[in-house]
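Engineer: Dropping the structure in here first, questions after.
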Ligand SMILES: Nc1ncnc2c1ncn2[C@@H]1O[C@H](COP(=O)(O)OP(=O)(O)OP(=O)(O)O)[C@@H](O)[C@H]1O
Ligand SMILES: [Mg+2]
């Protein structure tokens, strides 16, 4: 998928009831009240937005303005010193970086091609042919940008082949515990889904303990029922999968989801393996939305 023009923009300044940029900067300790008065003078003298006037006076940085804008528009992101999640969640830690911008462009394409095309479209599998292609990275960061857009988002780790603490449990620092495998075995329900408190609207269902029979579990009716239940509660459900070249799990997951996004790692994923996986998925009536070239 070629990322199209960025559709997401953050207005320079406005007051939507969450406080002005100046108030947010003061409340977060980035600006003193005295300095704010000087900024207002500068702002009036040069007809500048508040943030630009404060930067011109060397009182704050562009990052401080981005922070204030994100708070003003309920756009959650994390400061680097916040260690509650892995910094590999670039969309959460550096939302204004090129990676963040590309992820938002991909989000727009996915919205157009799948989620907003039909109200019944709620679930999407993230697939790729090889190990280490970046499926988990892309799935997690896409889940973050969907939640930042205000979608109630559930990220399911359906890679039942990797150790329980790897994958999404590692990225969201969830430790080991109950997960998808527990639900599929009939030992738990959706109540075990973990809310990510620092990113409102985002929840994660980790893989849980590795079962001896992943493919058989994913083929069970319980998986379909769980996805149906999740579709009632969430706007967007993204599913991380094991490598499609090694296991048939991805075929089952994608066919239950109805649609898949292909991840290809630059200079690593051979075209024939991508084509082969794409053909397999299409034979299962999976809508292939496009591919993301993961340029690591
Ligand atoms: N775009 C990227 N930028 C930076 N690092 C990346 C990017 N994509 C992937 N990585 C890193 O590459 C490594 C492998 O990525 P990831 O675990 O997401 O791949 P995977 O396809 O899920 O692998 P596995 O087959 O083990 O499930 C991770 O350390 C991840 O953080
Ligand atoms: Mg993975």
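Residue numbers (this note's numbering): 835 to 1130.
Where a beta carbon is used, it is the ideal one built from N, C-alpha and C, also for glycine.
A quick note: this is a predicted structure, and the numbers were derived from the prediction, not measured.
How is the beta strand (DSSP E) around residue 945 delimited, first residue to last?
Structural biologist: Where residue 945 is concerned, there is no enclosing beta strand (DSSP E), given that its DSSP letter is neither H nor E.
Engineer: With 16 as the cutoff for other CB atoms within 10 Å, does residue 1009 come out buried or exposed?
Structural biologist: With fewer than 16 Cβ atoms within 10 Å of its Cβ, residue 1009 is classed as exposed.
Engineer: Counting Cβ pairs closer than 8 Å, one from the region 1055-1070 and one from the region 919-934, do we hit at least three?
Structural biologist: With a cut-off of 8 Å, the region 919-934 and the region 1055-1070 do not count as touching, because too few Cβ pairs lie within range.
Engineer: For residue 1097, tell me which candidate among 937, 886, 922 and 912 has the shortest Cα-Cα distance.
Structural biologist: Per the Cα distances, 937.
Engineer: If distances are taken between C-alpha atoms only, which option among 1007, 1024 and 1005 comes closest to residue 1013?
Structural biologist: For the residues 1007, 1024 and 1005, the minimum Cα distance to residue 1013 belongs to 1024.
Engineer: Quick check: residue 1055 and residue 947, are their CB atoms within less than 8 Å of each other?
Structural biologist: Contact: no.
Engineer: Note down, in chain order, each residue of its chain lying with its Cβ closer than 7 Å to the Cβ of residue 933, except the 5 sequence neighbours on either side.
Structural biologist: If we look at residue 933 and ignore the five residues flanking it on each side, its Cβ neighbours are 924.
Engineer: What are the boundary residues of the beta strand (DSSP E) that residue 989 is part of?
Structural biologist: Here the beta strand (DSSP E) through residue 989 covers 987-991.
Engineer: Considering only heavy atoms of ligand 1, does any lie closer than 7 Å to the CB of residue 967?
Structural biologist: Yes, since a heavy atom of ligand 1 falls inside the 7 Å radius drawn around the Cβ of residue 967.
Engineer: In terms of residues, what are the limits of the beta strand (DSSP E) holding residue 1095?
Structural biologist: It spans 1093-1099 - the beta strand (DSSP E) in which residue 1095 sits, taken as one unbroken run.
Engineer: Compute every distance between the C-beta of residue 1083 and the non-hydrogen atoms of ligand 2, then say whether any falls below 7 Å.
Structural biologist: The answer is no for residue 1083.
Engineer: With a threshold of 8 Å between beta carbons, is residue 906 in contact with chain E?
Structural biologist: The chain inventory of the structure shown lacks chain E, comprising one protein chain alone.
Engineer: Residues in the same chain with beta-carbon distance under 6 Å from residue 856, minus the five sequence neighbours each way, listed in chain order, please.
Structural biologist: Taken in chain order, the residues that qualify are 870 and 884.
Engineer: Can you tell me the Cα-Cα spacing of residue 1029 and residue 1039, whole angstroms?
Structural biologist: So the alpha carbons of these two residues sit roughly 9 Å apart.
Engineer: I need the boundaries of the beta strand (DSSP E) containing residue 957, first residue and last residue.
Structural biologist: First-last of the beta strand (DSSP E) with residue 957: 957-961.
Engineer: What does DSSP give as the partner residues of residue 1070 in its beta bridges?
Structural biologist: BP columns for residue 1070 point to 987.
Engineer: With which residues is residue 1128 paired in a DSSP beta bridge?
Structural biologist: Note: residue 1128 sits in a beta bridge opposite 1099.
Engineer: Please go through the same chain and pick out, in chain order, the residues whose beta-carbon is closer than 6 Å to the beta-carbon of residue 1069, but skip the five residues on each side of it.
Structural biologist: 985 and 986, listed in sequence order.
Engineer: On the criterion of 16 or more Cβ atoms from any shown chain inside 10 Å, does residue 878 qualify as buried, or is it exposed?
Structural biologist: Flag for residue 878 reads exposed.
Engineer: Would residue 991 and residue 1002 qualify as a contact pair, given that the criterion is a beta-carbon distance under 8 Å?
Structural biologist: Result yes, Cβ atoms of residue 991 and residue 1002 sit closer than 8 Å.
Engineer: Pairs of beta-carbons, one from the region 1075-1095 and one from the region 952-963, closer than 8 Å: are there three or more?
Structural biologist: Because the criterion of three Cβ pairs below 8 Å is met, the region 1075-1095 and the region 952-963 touch.
Engineer: Taking 7 Å as the cut-off, does the CB of residue 980 come closer than this to any heavy atom belonging to ligand 1?
Structural biologist: False, no ligand heavy atom lies under 7 Å from that Cβ.
Engineer: Who are the near neighbours of residue 1075 in its chain, counting only those whose CB is closer than 7 Å to its CB and skipping five residues on each side?
Structural biologist: The answer, listed in chain order, is 959, 960, 961, 969, 992, 993, 1083, 1084 and 1087.
Engineer: List the residues that DSSP assigns as beta-bridge partners of residue 1038.
Structural biologist: In DSSP, residue 1038 forms a bridge with 989 and 1028.
Engineer: I'd like to confirm something about residue 1130: is its beta-carbon nearer than 7 Å to some heavy atom of ligand 4, or not?
Structural biologist: As for ligand 4, it is missing from this structure, which binds only ligand 1 and ligand 2.
Engineer: Taking only runs that begin and end inside the region 905-937, name each unbroken beta strand (DSSP E) of 3 or more residues, in chain order.
Structural biologist: Segments of the beta strand (DSSP E) lying fully in the region 905-937: there are none.
Engineer: Would you mind sorting residue 918 into buried or exposed? The rule is 16 or more other CB atoms within 10 Å of its CB.
Structural biologist: Classification for residue 918: exposed.
Engineer: Would you say the beta carbon of residue 1092 is closer than 7 Å to some non-hydrogen atom of ligand 2?
Structural biologist: Incorrect: residue 1092 has no Cβ contact closer than 7 Å to ligand 2.
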